[in-house]
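Note that the UniProt record's numbering has the sequence shown beginning at 1, numbered continuously upward.
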Amino acid sequence: MPPRAPDPRDAALAQLSLFDAAPAPAPAATPATAPPPAAAPPRPARPARPAAPAGLASTPPARAPATPPHLAPTEFRHPQANRELRLDGHLVAYALRRSRRRSIGFVVGTEGLSVNAPRWVGQGDIDAALRDKAGWILRKLGEQRDRARRLQAARVEWRDGTTLPFLGETLVVVLDPRTRGAQLQPGAPTADGAAAADGRAAQATLQGVPHRLLHVGLPQHATPAQIRDAVQAWLQRQARQVFEERCRLYAERLGVRVARLSLSSAQTRWGSASASGAIRLHWRLIHFGLATIDYVVAHELAHLREMNHSPRFWDVVRSVLPDYERAKDGLRQAVLPVFD
Ligand SMILES: [Zn+2]
Numbered sequence: 001m002p003p004r005a006p007d008p009r010d011a012a013l014a015q016l017s018l019f020d021a022a023p024a025p026a027p028a029a030t031p032a033t034a035p036p037p038a039a040a041p042p043r044p045a046r047p048a049r050p051a052a053p054a055g056l057a058s059t060p061p062a063r064a065p066a067t068p069p070h071l072a073p074t075e076f077r078h079p080q081a082n083r084e085l086r087l088d089g090h091l092v093a094y095a096l097r098r099s100r101r102r103s104i105g106f107v108v109g110t111e112g113l114s115v116n117a118p119r120w121v122g123q124g125d126i127d128a129a130l131r132d133k134a135g136w137i138l139r140k141l142g143e144q145r146d147r148a149r150r151l152q153a154a155r156v157e158w159r160d161g162t163t164l165p166f167l168g169e170t171l172v173v174v175l176d177p178r179t180r181g182a183q184l185q186p187g188a189p190t191a192d193g194a195a196a197a198d199g200r201a202a203q204a205t206l207q208g209v210p211h212r213l214l215h216v217g218l219p220q221h222a223t224p225a226q227i228r229d230a231v232q233a234w235l236q237r238q239a240r241q242v243f244e245e246r247c248r249l250y251a252e253r254l255g256v257r258v259a260r261l262s263l264s265s266a267q268t269r270w271g272s273a274s275a276s277g278a279i280r281l282h283w284r285l286i287h288f289g290l291a292t293i294d295y296v297v298a299h300e301l302a303h304l305r306e307m308n309h310s311p312r313f314w315d316v317v318r319s320v321l322p323d324y325e326r327a328k329d330g331l332r333q334a335v336l337p338v339f340d
């Protein structure tokens, strides 16, 4: 990738968590003749990554419905705001930068609205261009706010009793110095009542979602980082085991041979396949239920027969997973717990 000039978007991109929506750049607008807003603004360029011939790119999770701008006037303030105006009754404080560019550019990122404008464009023209794009800007600001809330809710607090999804169920972390390493409590998934009776899992329990206790060999005063590392290592071991088993199963059904299976933690894709038969699967798929994992496995293995996304490729996927569309949609909506 050729070097490029510093882009204000990069700062926002660097803060993105795995699989989260990238900040959306608005279509450039010139003050005199602003083009109609694009239906789907292009996503910003991502950092170069090793090319994989065919892979399952992840899409940002849960495109939240746009916040209806006409309801509940609200305030959106960029931390470096130096200008503000009202758009459909909402106060939007934005960061204006002047540059050598030839048109006005907008970016809605995690921090809010940034505007880049040529030095010769007057403030009145900038505000007019923003008003012209008010619908798009307010929708993106609303989406960023929803996303920030979802991320906050998905953040894992690493302590005794914390919960996180595992194979579509809820895993309850129990600090237990008597345990060697980390061990899933044997036996059937624990019902809500039993988990609560354990005295540690009363919080954050979803009714009806089975709970399983993961005993981790750490003392009560273990640091969050120690707990995270122990649980993450355990999850990765489970991922390898489960993925190997599912790959074996689907390779047999599809009549293909997997030369090598490895875990990945790529930023933008759940899996990839190369013509040589090497399959890579994102270890965090282990949070999802088997239907989702199977979809990614079958998708990548189907590439060993069709190295493309042609109708023939989807026929191959359908031949082993008739209901793959559902899992595909589920993956699109997925929100991963945030580890930090
Ligand atoms: Zn693919």
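All residues carry an ideal CB built from backbone N, CA and C; glycine is no exception.
Predicted model only: the values in this text are computed from it and were never measured.
For G161, the secondary structure class from DSSP, reduced to helix, strand or coil, is coil. Only residues of its own chain outside the window of five on either side were considered, and among them N82, R83, V115 have a CB closer than 6 Å to the CB of L96, listed in chain order.
Note on geometry: alpha-carbon atoms of A134 and R149 lie some 22 Å from one another. In the DSSP annotation of this structure, R305 is not part of any alpha helix (DSSP H), being labelled neither H nor E.
Segment contact: the segment 249-268 against the segment 296-312, three or more CB-CB distances shorter than 8 Å; contact assigned. Straight through space, the alpha carbons of Q241 and V174 are spaced by roughly 22 Å. The three-state secondary structure of G271, taken from DSSP, is strand. The C-beta distance from L91 to E111 rounds to 16 Å, too long to fall under 8 Å, and the pair is not in contact. DSSP, read as helix, strand or coil, puts V256 in coil. Going by C-alpha positions, Q220 is about 28 Å away from F288. When DSSP reads this structure, N116 sits in a beta bridge with R97, G105.
Residue environment: W158 is assigned as buried (16 or more neighbouring CB atoms within 10 Å of its CB, all protein chains considered). Our two residues, E169 and L130, have alpha carbons roughly 45 Å apart in a direct line. Per DSSP, the unbroken alpha helix (DSSP H) holding F313 starts and ends at 311-320. Between the alpha carbons of L301 and S264 lies a gap of roughly 16 Å. Between the alpha carbons of P165 and P322 lies a gap of roughly 26 Å.
Here the alpha carbons of R77 and Q123 stand approximately 18 Å from one another. With contacts defined by Cβ atoms closer than 7 Å, T179 and G217 form a contacting pair.
With fewer than 16 other CB atoms across the displayed protein chains lying within 10 angstroms of its CB, S262 is exposed. Between S276 and A291, the CB-CB gap reaches or exceeds 7 Å. Put simply, the backbone Cα of V156 is about 21 Å away from that of P177. For E325, the enclosing alpha helix (DSSP H) begins and ends at 324-333.
For E75, the uninterrupted beta strand (DSSP E) segment begins and ends at 75-77. Each of W120, P73, Q185, Q183 was checked against the Cα of L138, and the nearest Cα belongs to P73. Contact check for Q236 and R212: beta-carbon distance about 17 Å, past the 8 Å limit, so the pair fails to qualify. In the DSSP assignment, L138 falls within the unbroken alpha helix (DSSP H) covering 134-154. For A278, the secondary structure class from DSSP, reduced to helix, strand or coil, is strand. If you draw a straight line from the Cα of W234 to the Cα of A225, it comes to about 14 Å.
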